[in-house]
Amino acid sequence: EAGVVQSPRYKIIEKKQPVAFWCNPISGHNTLYWYLQNLGQGPELLIRYENEEAVDDSQLPKDRFSAERLKGVDSTLKIQPAELGDSAVYLCASSSYRQGADTGELFFGEGSRLTVL
Amino acid sequence: AQKITQTQPGMFVQEKEAVTLDCTYDTSDPSYGLFWYKQPSSGEMIFLIYQGSYDQQNATEGRYSLNFQKARKSANLVISASQLGDSAMYFCAMSPKTGGFKTIFGAGTRLFVKA
Chain A
2 EAGVVQSPRY KIIEKKQPVA FWCNPISGHN TLYWYLQNLG QGPELLIRYE
52 NEEAVDDSQL PKDRFSAERL KGVDSTLKIQ PAELGDSAVY LCASSSYRQG
102 ADTGELFFGE GSRLTVL
Chain B
12 AQKITQTQPG MFVQEKEAVT LDCTYDTSDP SYGLFWYKQP SSGEMIFLIY
62 QGSYDQQNAT EGRYSLNFQK ARKSANLVIS ASQLGDSAMY FCAMSPKTGG
112 FKTIFGAGTR LFVKA
């Protein structure tokens, strides 16, 4: 079974440029998460999808960040324009949510490391 | 509000010894799950162990066990017989079971295993 796939693994851009990250979750996982992880810190939730619906995006800076999961499968996270403080690792994770049947264990991709110069 | 607290930024342990990584949490949800994840220097997040809030027994997975004290809202990870490969960041996480799985993480503890 294929794991969570993210691309690109690394991205270096200049500030004010746009950037996009792509995530393909594990097949059959209806819940998809984007997390931001700063160096030496824990992941912080940006947005959570249940199928194609964004059910929790309260932590997403909507002035510059956007995300979509159009067909309830893969997802794209975009930053436009990028700022110096956006340098971090962007982690995608998926889980299978069936009430009473699943633990909520997250399966993570390898992450996309963004450096903004 | 839900919160995970890990008070140990760094821990050292001698190879083959046991070590306990602390985690306390706060939630108003009656049903929730507690998790520990390992993040080696390579960056991938690896699931280690899960404890449900209604589970009567502490969870164990090989050398990992979770010391769950519900009244104290603590979920400490115990690693027995530490190995050099255990050197990594360890994150405690919690997910309520109502309204879907919104998983939040603590700040992490960096474990160093000494030969």
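These protein sequence lines map, in sequence, to chains A and B.
Convert by adding 1 to the 1-based position in the first sequence; the result is the number in the working numbering.
Convert by adding 11 to the 1-based position in the second sequence; the result is the number in the working numbering.
Think of the CB as a built atom: it goes at the ideal place given N, C-alpha and C, for glycine as much as any other residue.
This structure is a prediction, so every number in the text was calculated from the model and none was measured.
| Query | Result |
| --- | --- |
| Any C-beta of chain B under 8 angstroms from that of Ser-28 (chain A) | no |
| Of the residues B:Tyr-101, B:Gly-73, B:Asp-40, B:Thr-35, the one placed nearest Thr-109 (chain B), counting alpha carbons only | B:Asp-40 |
| Chain A contact residues for Tyr-61 (chain B), given Cβ-Cβ distances below 7 angstroms | Thr-104, Glu-106 |
| As assigned by DSSP and simplified to three states, the class of Gly-86 (chain A) | helix |
| Pair within 8 angstroms by beta-carbon distance, Gln-18 (chain A) and Ala-83 (chain A) | yes |
| CB contact flag (Phe-58 (chain B), Tyr-65 (chain B), <8 angstroms) | no |
| Euclidean distance between Cα positions of Phe-79 (chain B) and Pro-44 (chain A) | 23 angstroms |
| Sub-8 angstroms separation of Lys-113 (chain B) and Tyr-36 (chain B) beta-carbons | no |
| 6 angstroms Cβ shell around Asn-25 (chain A) - same chain, five flanking residues per side excluded | Val-6, Asp-75 |
| Straight-line Cα distance separating Ala-89 (chain A) from Leu-115 (chain A) | 5 angstroms |
| Asp-33 (chain B), DSSP secondary structure in three states | coil |
| Range of the contiguous beta strand (DSSP E) that encloses Ser-91 (chain B) | First-last for Ser-91 (chain B): undefined, no H or E at that position. |
| Test item: CB-CB of Met-56 (chain B) and Gln-62 (chain B) under 8 angstroms | no |
| Rounded separation between Ile-14 (chain A) and Ser-76 (chain B) - CA only | 43 angstroms |
| Under 8 angstroms (Cβ pairs) to chain B, residues found in the region 47 to 70 of chain A | Arg-49, Glu-51, Val-56, Asp-57 |
| CA-to-CA distance, Leu-122 (chain B) to Phe-23 (chain B), given in whole angstroms | 6 angstroms |
| Local Cβ density within 10 Å of Leu-56 (chain A), reported as buried at 16 or more and exposed below that | The sequence shown places Val at residue 56 (chain A), not Leu. Burial call: exposed. |
| Three-state class that DSSP yields for Lys-103 (chain A) in the structure shown | The residue you asked about is not Lys; residue 103 (chain A) is Asp in the sequence shown. Coil. |
| Minimum Cβ-Cβ distance from Pro-9 (chain A) to chain B less than 8 angstroms | no |
| Asp-75 (chain A) - DSSP class collapsed to helix/strand/coil | coil |
| Residue from A:Phe-22, A:Arg-49, A:Tyr-36 whose Cα sits closest to the Cα of Arg-10 (chain A) | A:Phe-22 |
| Cβ neighbours of Thr-31 (chain B) in the same chain (closer than 6 angstroms, five flanking residues each side left out) | Asn-87, Val-89 |
| Proximal chain B residues relative to Ser-113 (chain A), where beta-carbon distance stays under 9 angstroms | Within 9 angstroms Cβ-Cβ: nothing; Ser-113 (chain A) doesn't reach chain B, min ~10 angstroms. |
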